[in-house]
Amino acid sequence: MLNVTDLSAYLYCPRQFYLTKIIGLRQPPTQPMTEGLIRHKVREMFAKNEEKLFENLELINHDLTKQKIISFYQNFLNSIIKTTFDQNQKLILGFQINPAELREKIIKSMENEISLRAKSVENTIKLGFTGKQLWENLTPKYISELPLISESLGLKGRADRIMLEKETIIPFELKTRTAEKVYPSDEIQLTAYAMLLQEKYNKPIPIGILEAGDQIHEIQITEESKQKVRDLIIEINNLITSSKSENKIEPKFPSSFSKCQKCSWEEQCQKIAAD
Numbered sequence: 021m022l023n024v025t026d027l028s029a030y031l032y033c034p035r036q037f038y039l040t041k042i043i044g045l046r047q048p049p050t051q052p053m054t055e056g057l058i059r060h061k062v063r064e065m066f067a068k069n070e071e072k073l074f075e076n077l078e079l080i081n082h083d084l085t086k087q088k089i090i091s092f093y094q095n096f097l098n099s100i101i102k103t104t105f106d107q108n109q110k111l112i113l114g115f116q117i118n119p120a121e122l123r124e125k126i127i128k129s130m131e132n133e134i135s136l137r138a139k140s141v142e143n144t145i146k147l148g149f150t151g152k153q154l155w156e157n158l159t160p161k162y163i164s165e166l167p168l169i170s171e172s173l174g175l176k177g178r179a180d181r182i183m184l185e186k187e188t189i190i191p192f193e194l195k196t197r198t199a200e201k202v203y204p205s206d207e208i209q210l211t212a213y214a215m216l217l218q219e220k221y222n223k224p225i226p227i228g229i230l231e232a233g234d235q236i237h238e239i240q241i242t243e244e245s246k247q248k249v250r251d252l253i254i255e256i257n258n259l260i261t262s263s264k265s266e267n268k269i270e271p272k273f274p275s276s277f278s279k280c281q282k283c284s285w286e287e288q289c290q291k292i293a294a295d
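241 is the number that my numbering gives to position 221 of the sequence shown; each next residue is one higher, with no gaps.
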């Protein structure tokens with residue numbers, strides 16, 4: 021089964037996808053890769069344990085301000101960062117990662133996550149809900165790292181963030197880079213998550229949101245973009261299947277050869293045709 025990230029990886033460079041995902045070649049992990057892994061673990065633990073935070077709000081009065089709610093979330097995040105860093109001490113030391121700098125990066129990247137949630141919590145508390153009822157009735161509710169799977173599509177993935185509000189469901193794709201424009205891979209990823217969400221909740225998903233740095237882009241989820249996802253899944257699966265047969269399909273070159281200039285897979289890439 022393909023992962024949503026496989027689709028964007030294939031779009032970036034089919035040959036690099038072939039080497040890493042099909043042949044199974046691996047490059048030694050780098051410091052940025054390791055930092056990304058640790059940041060991802062923090063987000064996963066944040067999402068997994070967020071509901072427990074609401075147990076601490078059970079006895080809080082209904083005058084709890086947004087700033088106090090933000091403080092609850094910040095303390096919650098700090099605890100998760102400490103636990104994650106403790107669990108990954110060997111990686112942090114081995115790759116000479118500055119814990120203080122990484123901590124600040126994580127806190128900065130989570131500011132909007134916390135602000136969105138705090139506003140939602142504040143508004144829902146005003147409706148008279150606390151504790152578990154508060155969590156169950158959050159409007160809107162933001163969920164991070166939501167696992168999604170579709171047997172019919174042959175696709176799975178984890179949405180960076182989704183917003184649930186009555187009949188409205190919106191997937192968010194979060195990028196650390198600032199982007200003035202939306203790339204085809206961004207559109208494909210958001211469309212794929214929208215398709216997975218539509219199957220899970222049986223509701224139409226008309227738009228997705230790309231947050232890239234301080235830029236926010238609204239992307240329409242159309243039938244045309246959905247068909248692109250289906251066609252891409254078929255194309256990738258055909259490449260995977262052919263790699264196991266005598267009549268191998270040679271993966272395509274990337275859409276722009278500028279991607280090849282600093283590619284570390286150049287030597288292996290040139291050998292693909294010979295293989």
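Idealized CB from N, CA, C, for every residue including glycine.
Since this is a predicted model, take the numbers as computed values, not measurements.
Provide the residue(s) that pair with A179 in DSSP beta bridges, ordered along the chain. Residue numbering aside, residue 179 sits at position 159 when the sequence shown is read from its first letter. The partner list for A179 (beta bridge, DSSP) reads L166.
According to DSSP, which residues form a beta bridge with A120? Taking the first residue of the sequence shown as position 1, residue 120 is located at position 100. In the DSSP output, where bridge partners are listed per residue, A120 has none listed.
Own chain, CB closer than 8 Å to C283, minus 5 neighbours either side, in chain order: Along the sequence shown, one-based indexing puts residue 283 at 263. Taken in chain order, the residues that qualify are C33, Q36, C289.
Checking 7 Å against the spacing of the C-beta atoms, do A138 and I90 come in under that value? Mapped onto the sequence shown, residue 138 falls at position 118. Mapped onto the sequence shown, residue 90 falls at position 70. Yes, these two residues count as a Cβ contact at 7 Å.
Just to confirm, are L194 and E219 a CB contact at a threshold of 7 Å? Numbered from 1 along the sequence shown, position 174 holds the residue referred to as residue 194. Numbered from 1 along the sequence shown, position 199 holds the residue referred to as residue 219. Cβ atoms of L194 and E219: not closer than 7 Å.
Taking the Cβ atom as the reference point for each residue, do L136 and T144 lie within a distance shorter than 7 Å? Indexing the sequence shown from 1 puts residue 136 at position 116. Indexing the sequence shown from 1 puts residue 144 at position 124. Cβ atoms of L136 and T144: not closer than 7 Å.
Would you list the one or two residues that DSSP bridges to F105? Taking the sequence shown and counting its residues from 1, one reaches residue 105 at position 85. In DSSP, F105 forms no bridge with anything.
Quick one: what's E193 bridged to in DSSP? Counting from 1 along the sequence shown, the entry for residue 193 is found at position 173. DSSP, once it has assigned bridges, lists L230 as partnering E193.
Please report the Cβ distance between A179 and G233, rounded to the nearest whole angstrom; I am assuming they are in contact, meaning their Cβ atoms lie under 8 Å. Within the sequence shown, the letter at position 159 stands for residue 179. Within the sequence shown, the letter at position 213 stands for residue 233. About 19 Å; that fails the 8 Å criterion.
Same chain only: Cβ atoms within 6 Å of P274, ignoring 5 sequence neighbours per side: As a first step, residue 274 must be located in the sequence shown, where it is residue number 254. Cβ within range, chain order: C33.
Look up T188 in the DSSP assignment and say whether it is helix, strand or coil. Numbered from its first residue, the sequence shown carries residue 188 at position 168. Looking at T188 - three-state DSSP - the assignment turns out to be strand.
Span separating the alpha-carbon of E75 from that of T25: As a first step, residue 75 is located in the sequence shown; it is residue number 55 there, counting from the start. As a first step, residue 25 is located in the sequence shown; it is residue number 5 there, counting from the start. Each residue's Cα considered, the two are about 34 Å apart.
Does the Cβ of I236 have 16 or more other Cβ atoms within 10 Å, making it buried, or fewer, making it exposed? Here the question's residue 236 lines up with position 216 in the sequence shown. So I236 ends up on the exposed side.
Expressed to the nearest angstrom, what Euclidean distance is found between the alpha-carbon atoms of N257 and L113? By one-based count along the sequence shown, residue 257 stands at place 237. By one-based count along the sequence shown, residue 113 stands at place 93. C-alpha separation (whole angstroms): 39 Å.
Short of 6 Å in beta carbon distance, which residues of its chain neighbour S262, apart from the five on each side in sequence? Order them along the chain. Within the sequence shown, residue 262 is the residue found at index 242, counting from 1. Cβ neighbours of S262 beyond the five flanking positions: K268, I269.
CB contact flag (G228, P191, <7 Å): Your numbering for residue 228 matches position 208 in the sequence shown. Your numbering for residue 191 matches position 171 in the sequence shown. Yes, Cβ-Cβ distance for G228 and P191 is below 7 Å.
Could you tell me whether the segment 197 to 215 touches the segment 241 to 258, where touching means 3 or more Cβ pairs closer than 8 Å? yes
Residues that H237 bridges to, as DSSP identifies them: By 1-based counting over the sequence shown, the position of residue 237 is 217. H237 is bridged to L230.
Please work out which residues of its chain come closer than 6 Å, Cβ to Cβ, to S170, disregarding the five sequence neighbours upstream and downstream, and give them in chain order. Reading the sequence shown from its first residue, position 150 is the one you call residue 170. If we look at S170 and ignore the five residues flanking it on each side, its Cβ neighbours are L216, E219.
Quick one: is S164 buried, meaning 16 or more other Cβ sit within 10 Å of its Cβ, or exposed? As a position in the sequence shown, residue 164 is number 144, starting the count at 1. S164 should be labelled buried.
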